Amino acid sequence: ALGARSILASPLGQYVNENLNQYIKHREKFRPFAASVTAERAGEFFDFHPTSRFLASIGQVKPAHRKVFETNLLPDRPTDEAEAARDSSRIRVHVVDRNSNPLFWELLGGFGKATGVPVLFNTSFNLFGEPLVCSPRDAVRSFYCSGLDHLMIGHFSVSK
1166 ALGARSILAS PLGQYVNENL NQYIKHREKF RPFAASVTAE RAGEFFDFHP
1216 TSRFLASIGQ VKPAHRKVFE TNLLPDRPTD EAEAARDSSR IRVHVVDRNS
1266 NPLFWELLGG FGKATGVPVL FNTSFNLFGE PLVCSPRDAV RSFYCSGLDH
1316 LMIGHFSVSK
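By the count of our numbering, the sequence shown reaches residue 1325 at its end, each step adding exactly one.
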């Protein structure tokens, strides 16, 4: 999804992960989403591999920010206590820089300015059992068939 044809959500709500999975994606509530973050502030929130803009690696949430992301961490599969402590902060990280996706970068920056957290959860824009939306018509249909509140297509927006 990487910010285009994506469902985005604030990470700041208490039940964001469960609500997205149950009411939008209609899948198991434990499934996590990627965390999209501006390149300038990514290191403040995550330890990650530089190729994360392609979702090629898993990052670690820095201890100071674990509370914000705790409902979206990847499931633990630790083999001992030391590994459990380390693995409890894993998350998929998508780093967005101004040159590669200026509109999404501006959205993340604006959200960060408003909330202090330049991060949005990001998942593919498709409903359960359906392919990824491929046109504005698909996006509008999926929007009205879902529990989503707002739809943005380029600089245009629709709200329910």
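Built from N, CA and C at the ideal position, the CB exists for glycine as well. Source: prediction; values computed, not measured.
Query, Result
"Contact defined as beta carbons within less than 8 Å: I believe L1177 pairs with T1280. What is the distance between those atoms, to the nearest angstrom?", "6 Å"
"Suppose you measure from the CA of F1276 to the CA of V1284; what does that come to, to the nearest Å?", "8 Å"
"Look at the alpha carbon of F1290 and the alpha carbon of S1201, and state the distance between them as a whole number of angstroms.", "15 Å"
"Would a C-beta distance cut-off of 8 Å place V1260 and A1199 closer than the cut-off?", "no"
"Alpha carbon to alpha carbon, how far is L1297 from I1256?", "23 Å"
"Helix, strand or coil for R1255? Go by DSSP, reduced to three states.", "strand"
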